[in-house]
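Presented below is the structure to which this report refers.
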Ligand code: NDP
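In the working numbering, the protein residues as written are 5 to 325.
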């Protein structure tokens, strides 16, 4: 495992990390999470991603139990949370968004659920059009000065919103965002590679990228329908099944996946490993957050690092679809 600097900060995080969206509490309980974390630690992973909105806070509870039970030294790994969507179904107006009140309360609640004294990374899970960016920057800066958060970041903000946060922070001598958490994979490239390029360049932002397998589409397993027990088959994720497989957009994406398969076959590796390794070719990626509902998947995905040296220029051209 290699370690990359989180943008311009001094924090070195593992190039692969592990997240909990959909999986923790729904497919993965605390004891399976503990086994998975053990595999991650053994592989050198030092960053675990979470959010208040995952399974209405239950995902953080599962992660907190598993990490406590493993009892690794707190200074050997990083944990994140994200604020915006709220941790209760049908949140009240004060229980969501990026107001100073909710950013502060959500941090306190995440600390309790995750059973940690501080969050290494705390993300604004989306931009909040109802809250001035200045208020959110102040709220994050205050949490940092209180020692409850070490680095704050954005997730899926527009480049312009990120620039506004930096400009306000700089003008007022406050802490700017250190990292962005965007989607990035072989099917979803534009925002990361084009819109964010000037932001990465100018502000040395780091990135913790999500859905390297496009929720599983880039494993190729949806090409023959929807496998039983897979993410697209889960109750509550019907929207994902539609957008991933059934919609016109989904069908177009599946055609691209089918075009990528022969490249993986040529290399003698699975498409999953190829897709994960490909993300690491981009130097603006600080870490690729893996997702897995089973230990076998995690094992396969961790070995994606072996595929990286196979991704020559020639292969990279073949992946331009
Ligand atoms: P992926 O795109 O890698 O999807 C992971 C899912 O794909 C698994 O849960 C599993 O689903 C399936 N899968 C993974 N590996 C394999 C394999 N080898 N073979 C077959 N199936 C496989 O990542 P995620 O979408 O889970 O995103 C990763 C993390 O990023 C999240 O956990 C979260 O921490 C973060 N994230 C952040 C977001 C944000 O807005 N900031 C949004 C989304 C995610 P199954 O077995 O159920 O089919």
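Every residue, glycine too, gets a C-beta built ideally from N, C-alpha and C.
query = How about residue 219: is its Cβ closer than 7 Å to a heavy atom in the ligand ATP?
reply = The model depicted lacks the ligand ATP and carries the ligand NDP instead.
ask   = Is there a Cβ from chain C that is less than 8 Å from the Cβ of residue 168?
value = The structure shown contains no chain C; it is built from a single protein chain.
query = How would you write the range of the alpha helix (DSSP H) that residue 35 sits in, first residue to last?
reply = 34-47
query = Just to check, is the beta-carbon of residue 162 closer than 7 Å to a non-hydrogen atom of the ligand NDP?
reply = Shortest gap from the CB of residue 162 to any heavy atom of the ligand NDP: 7 Å or more.
request  = Figure out for me which residue from 93, 88 and 84 has the closest Cα to the Cα of residue 60.
outcome  = Residue 60 has its Cα closest to that of 93, out of 93, 88 and 84.
ask   = How would you label residue 73, buried or exposed, when you count the other beta carbons within 10 angstroms and need 16 or more for buried?
value = Exposed.
key: Contact set for residue 273: own chain, Cβ-Cβ below 6 Å, skip 5 residues either direction   = 311
message = My output table needs one value for residue 58: the three-state DSSP class, helix, strand or coil.
response = helix
request  = Name the residue from 224, 112 and 298 whose alpha carbon lies nearest to the alpha carbon of residue 266.
outcome  = 224
task = Compare the C-alpha of residue 146 against each of 109, 167, 297 and 280 and name the closest.
result = Of the candidates 109, 167, 297 and 280, 109 places its Cα closest to the Cα of residue 146.
ask   = Is there contact here, the segment 11-21 with the segment 206-217, by at least three beta-carbon pairs under 8 Å?
value = Contact holds: three or more Cβ-Cβ distances are below 8 Å.
ask   = residue 216: buried (16+ other C-beta within 10 angstroms of its C-beta) or exposed?
value = By the neighbour-count criterion, in which 16 or more other beta carbons inside 10 Å mark a residue as buried, residue 216 falls on the buried side.
request  = Going by CA-CA distance only, name the one from 10, 21, 8 and 11 that's closest to residue 307.
outcome  = 21
key: Residue from 309, 203, 303 and 125 with nearest C-alpha to residue 6   = 309
ask   = If we count the other Cβ atoms within 10 Å of its Cβ and call it buried at 16 or more, is residue 203 buried or exposed?
value = buried
query = Hey, would you say the C-beta of residue 293 is under 7 Å away from at least one heavy atom of the ligand NDP?
reply = Yes, Cβ of residue 293 sits closer than 7 Å to a heavy atom of the ligand NDP.
task = Report the residue from 196, 49 and 78 whose alpha carbon sits nearest the alpha carbon of residue 294.
result = 49
Near the ligand NDP: residue 26 beta-carbon under 7 Å from a heavy atom = yes
key: Touching by the beta-carbon criterion (3+ pairs, under 8 Å), the segment 80-93 and the segment 129-139   = Touching, per the Cβ criterion.
inquiry  = Can you tell me whether residue 192 is helix, strand or coil according to DSSP?
reply    = strand
Length of the line joining the Cα atoms of residue 262 and residue 325 = 11 Å
inquiry  = Taking its Cβ as the centre, do 16 or more other Cβ atoms sit within 10 Å of residue 285, making it buried, or is it exposed?
reply    = exposed
request  = May I ask you to check if the CB of residue 108 is nearer than 7 Å to at least one heavy atom of the ligand NDP?
outcome  = no
query = Would you call residue 151 buried or exposed, if buried means 16 or more other Cβ atoms sit within 10 Å of its Cβ?
reply = exposed
message = Quick check on the burial criterion: 16 or more other C-beta atoms within 10 angstroms. Buried or exposed for residue 124?
response = So residue 124 counts as buried.
request  = Tell me, to the nearest whole angstrom, how far the beta carbon of residue 82 is from that of residue 45; I am working on the premise that it is less than 8 Å.
outcome  = Rounded, the Cβ-Cβ distance is 12 Å, inconsistent with contact.
C-alpha gap between residue 248 and residue 196, whole angstroms = 20 Å
query = For residue 10 versus residue 135, is the C-beta distance shorter than 8 Å?
reply = No, the Cβ-Cβ distance between residue 10 and residue 135 is not below 8 Å.
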